[in-house]
Every structure is written in structure tokens, then in C-alpha cells.
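Heads up, the thing below is written out as C-alpha cells.
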Amino acid sequence: MSNQNKSFFLIPVMLCFFCMGFVDLVGTASNYVKEEQGLSDTVANVLPSLVFFWFLIFSVPTSVLMNKIGKKNTVLLSMVVTALSLLLPMFGNSFPLMLVAFSLLGIGNTLMQTSLNPLMALVSGGKNLASQLTFGQFVKAIASFMAPLIAGWGYKSLIPTFGLDWRVLFAIYFVVSVLATLLLWFTPIAEEKSTEQLPAVGTQFANCFRLLGVPVVLLSFLGIMCHVGIDVGTNTTAPKLLIERTGMTLDEAGFATSIYFIFRTLGCLTGSYFLRVLKTRTFFIISVVMMAASMALMCVGDTKILLYIGIALVGYGNSNVFSMCFAQALTAMPDKQNEVSGLMIMGLFGGTIFPLLMGFASDAMGQIGAVLVMAVGVIYLFTYIKQLKTA
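Mapping the sequence shown onto the working numbering, position 351 (from 1) lands on 529, and the numbers just tick up by one.
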């Protein structure tokens, strides 16, 4: 594939990465649902937890599905499910309806994340994969940091006109998802079909889970669990910290989520460069040290500026962890990319475990309890450093 063709094919793939970022609207949406319906932290955190629960159920089956229908078709299926999930909230904001919508969003994002990363490897030819995945995460982060801004704008400006209030976010992202689906549909991407006879589905499942016996795969899986847990946890908890410590309203505190995603976006953009010029291990150490500093600031900070700095540090530090862990596992098992991708995306189940534990902890001891839960994930990432290649 020529460099010109690669550049052309990257356009629809990158737009799909943008749609992948829609999953991060769950933190913003859950805070609005909590306020509107008077929910506790534990109940409100069920919404983001439910989204990421489906990564546990569907990640490995998606890797098996990819073997059968191909990477591009699996991404297209994920886009259709995602579009449906974004359509539902436009018909109401009841808690049961939001549960269904968030479930579909989680299922669609599971399909997308499992298949889109290998599709990127196919289109790019596998060179500089960590850097290219990081650039994809940068595009994804643009959608993430726009979500609270669009929701806040809708909440303030659109109630009298459209009646959608903050849910106008779903309407805008629905239109984008339909456009991305059509663009990918009409983009020809050649996939080499294996001439080998695929084993029975049960055997494929067993072979996939057997890869967890490979240390780098297992430890990368746990690293991604911690990365996503911290990501979703900060997304959900940052506004609550400002409300608790500074007395801000939800509408004002929602800017904290934007700060997180702005710095995560900046981290992905600059990380794409740093991963080309620095050793992966060096950049990973810098990232995790920033995250540790952020946990300290969010534990003790009681002013707006200190909390904003803490949120910015975790946004930047956590921005490239997924790409580095994912690429480490993928390059360690190049002949098992579909299976490894399924396992790595199953690690996004950390987005279910962390918010639930954080909800219990924050109801018991305030938002510092939620921060301490995230700090456990940061401690694990320090132990992962030795798995990274020094070259």
C-alpha cells in the first residue's frame, strides 16, 4: 500500500477514533442524571460502570467475530450500535432509558475498540504503531473534551428552544456517527483472508484466554484496567471534588472535566511525537510520575487552582498509558493480533470496577475515598514499568 493510499485510508479510520471518544460522555451525563433525579454517588456511578461492563462480556467474542467477518465490517457494526445508543436519549432522560442507551453505547464501543486498533495496524502497515495509536487517542480525546462543553452549552442555551437541554450532546454525536459510518462504508480497505481453517468457536475462545498465561499480555491487560479505571474515575469525580471542596455548582464544576480532557488531548498529541524520540520506558515513567503527583494534589488540594493542576496532571499523564500497554502486548504476539486486541479491550472493564468502588468509598468518606481508589491503580502502573522494553 502506497503512502498516499495509507493517508487516504487513515481519514475514515481517524473519524472512527473520534466516534470512539463518545464513550467518555458517560461521566458528564451521569452527573447531570444524578442532579436531575437526586441519586447517590453509588447509584449514579452505575451508569459509567454499566458502559464498561460490556467490555468484559463482548471483547473476546468480538475478536472471534473479526476472524469471521473481518476488521472493517466489525468496525461498521460497532458504528451502527453506537448510533442507536446516541439516538435513544433524544426521546427522554428517565433512568431506565439511560441504562439502555448506556448499555448499547458500551456494546458498540467494545466492538469498536476491539476492531479499530487492529484495523489501524492493518492500514498503517504496523510501523510506529504506538505512535499512531496515540494519535488515534488524540483524535478520540477531542470528542471527549468537547462533550462537557456541548452539554453545558445545551443546558444553558437550548432548553427554551429544543427541549433537549444537555442531551443535545447525543443529537450532535449521532449525526457525526452516521457520517463516519458512511465514509468508512465507501472506503475500500483490503484485508488478507487467512487460508487456514479456523478452529471451532469454543477452541478460539480457549486459545484467546490462554494468552493471559503470557506474562506481558496479562500485565498489559491489568495496566489497561488501571488506565481506564483512572480515566473514567477522574471524568466522573473531578466535578464532585470541586463541588465538595470549593462549593461550586455542577454547571461551574463541569469545566473540570473539560480540563481533564484538554490535557489528555494535549498528551495524546505530544505523546505521538515523544514516542518517536524517547524510549517507551522513559516516557511511561514520566507519565506515571505525573499521575502520582496528581493523586497527591487531589487528596489534599482545597483550592480551585490546586485541584485544576491535579486534574490536568492526571489528564496528561494518563493519556498515553493505553497506547503503550496495548502496543507492548500487540507487538509481543504479532501472529495473534485479533486475540490480543480482544483481551486488551476486555481490560476496559476497569471502567466498571473502579467507579463502583469509588462510589462506595466516596459515599463513606467523601471524594477523597474515590481518589484513594484511583491511587491504587497508579501504584500498579509503577510496577508495570519493568515490562517495557528499554529500546
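Even for Gly, the Cβ is constructed at its ideal location relative to N, Cα and C.
Residue range of the alpha helix (DSSP H) that includes residue i
| i | result |
| --- | --- |
| residue 203 | 203 to 215 |
| residue 423 | 393 to 424 |
| residue 545 | 545 to 562 |
| residue 352 | 346 to 363 |
| residue 427 | It is not in any alpha helix (DSSP H) - residue 427 carries neither H nor E in the DSSP assignment. |
| residue 245 | 224 to 247 |
Beta-carbon proximity check, residue i vs residue j, cutoff 9 Å
| i | j | result |
| --- | --- | --- |
| residue 205 | residue 413 | yes |
| residue 348 | residue 289 | no |
| residue 495 | residue 455 | no |
| residue 229 | residue 201 | yes |
| residue 268 | residue 211 | no |
| residue 197 | residue 438 | no |
| residue 292 | residue 523 | yes |
| residue 419 | residue 213 | no |
| residue 497 | residue 445 | yes |
| residue 398 | residue 506 | yes |
| residue 323 | residue 443 | yes |
| residue 301 | residue 367 | yes |
| residue 479 | residue 485 | yes |
| residue 325 | residue 435 | yes |
Of the residues the options, the one placed nearest residue i, counting alpha carbons only
| i | options | result |
| --- | --- | --- |
| residue 315 | 295, 222, 301, 210 | 295 |
| residue 280 | 252, 232, 251 | 232 |
| residue 189 | 275, 272, 398, 313 | 313 |
| residue 533 | 407, 473, 438, 271 | 407 |
| residue 369 | 508, 557, 249, 551 | 249 |
| residue 457 | 319, 218, 502, 515 | 502 |
| residue 470 | 361, 554, 217, 274 | 554 |
| residue 548 | 557, 556, 538 | 538 |
| residue 520 | 434, 385, 321 | 385 |
| residue 433 | 381, 360, 331 | 331 |
| residue 273 | 260, 483, 222 | 222 |
| residue 254 | 357, 393, 563, 299 | 357 |
| residue 297 | 540, 508, 535 | 508 |
| residue 344 | 353, 354, 328 | 328 |
| residue 404 | 531, 425, 355, 417 | 531 |
| residue 364 | 561, 191, 321 | 191 |
Whole-Å CB distance - residue i paired with residue j, under 8 Å assumed
| i | j | result |
| --- | --- | --- |
| residue 208 | residue 226 | 6 Å |
| residue 430 | residue 545 | Residue 430 to residue 545, Cβ: 16 Å. No contact. |
| residue 465 | residue 499 | 6 Å |
| residue 517 | residue 389 | 6 Å |
| residue 543 | residue 395 | Between residue 395 and residue 543 the Cβ distance is about 36 Å, and since that is not below 8 Å, they are no contact. |
| residue 566 | residue 441 | Residue 566 to residue 441, Cβ: 23 Å. No contact. |
| residue 558 | residue 400 | 7 Å |
| residue 311 | residue 504 | 6 Å |
| residue 252 | residue 243 | 6 Å |
*Which full runs of the alpha helix (DSSP H) of 4+ residues lie inside the stretch 435 to 514, going along the chain?*
458 to 478, 482 to 495, 499 to 510
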